[in-house]
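Novice: Following my numbering, the numbering of the sequence shown begins with 19 at its first residue and continues without gaps. Pasting a structure here, questions to come.
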Amino acid sequence: MWREKYGDFKSSTPDHNGLGRRLHGGSWDLYACIVPTFCASNKIWVVDVDDIYAHVNFRNDHWIVIWISIPKRHIVVWDSIEKHISPAELDEVIEPFLTMVPYLLVECASSNEVRIKYTHWSHSRMRE
Numbered sequence: 019m020w021r022e023k024y025g026d027f028k029s030s031t032p033d034h035n036g037l038g039r040r041l042h043g044g045s046w047d048l049y050a051c052i053v054p055t056f057c058a059s060n061k062i063w064v065v066d067v068d069d070i071y072a073h074v075n076f077r078n079d080h081w082i083v084i085w086i087s088i089p090k091r092h093i094v095v096w097d098s099i100e101k102h103i104s105p106a107e108l109d110e111v112i113e114p115f116l117t118m119v120p121y122l123l124v125e126c127a128s129s130n131e132v133r134i135k136y137t138h139w140s141h142s143r144m145r146e
């Protein structure tokens, strides 16, 4: 979902504060942990959730796992077949998460106390 909608996000025009870009439908539901419904926790990112784990498909033939650390503003990638994705390809796969997750945290924050400054995050690849 993140990668498929990234083009729409990038092409939307931000306001004078750098906000107001178009997030995909359902972004708030992810932020508030309302979806998926079979395991909804209703916990809010930043307030109740520090770490997010997700699987990401690469070219419909390979899966990687990412750990999104909100406090560290960092994404760690685990790949069981490291040579399957080059570093440049991995950068392209991870870019939507590095950009849209921090943006979502700023846009959905309920107060200035939990608001995280919008910055581009870093990532690393776990090595065996």
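Cβ atoms here follow ideal geometry from the backbone N, Cα and C, with glycine treated the same way.
(1) Quick check: the Cα distance between Gly36 and Glu125, rounded to an integer number of angstroms?
(2) When DSSP builds the beta bridges, which residues end up paired with Val69?
(3) Can you tell me whether His80 is helix, strand or coil according to DSSP?
(4) What's the C-alpha gap between Trp85 and His34?
(5) How long is the line joining the alpha carbons of Asp66 and Leu122, rounded to whole angstroms?
(6) Give a yes or no on contact between the stretch 20-27 and the stretch 99-114, applying the rule of three or more CB pairs nearer than 8 Å.
(7) Flag this pair as yes or no: are the beta carbons of His147 and Val83 separated by less than 8 Å?
(8) What are the complete alpha helix (DSSP H) segments, minimum 4 residues, inside the stretch 90-117?
(9) What is the DSSP secondary structure of Trp46, counted as helix, strand or coil?
Specialist: Let me spell this out:
(1) 11 Å
(2) Contrary to the premise, residue 69 reads as Asp rather than Val in this sequence. Bridge partners of Asp69: Ser87.
(3) In the three-state scheme derived from DSSP, where H, G and I count as helix and E and B as strand, His80 is classed as strand.
(4) Distance between the alpha carbons of Trp85 and His34 is about 31 Å.
(5) Answer to the nearest angstrom: the Cα atoms are 15 Å apart.
(6) Between the stretch 20-27 and the stretch 99-114 there are three or more C-beta pairs closer than 8 Å, enough to call the two in contact.
(7) The shown model of the chain, from 19 to 146, leaves out residue 147, and the question about it has no answer.
(8) The stretch 90-117 contains no whole alpha helix (DSSP H) run of 4 or more residues.
(9) helix
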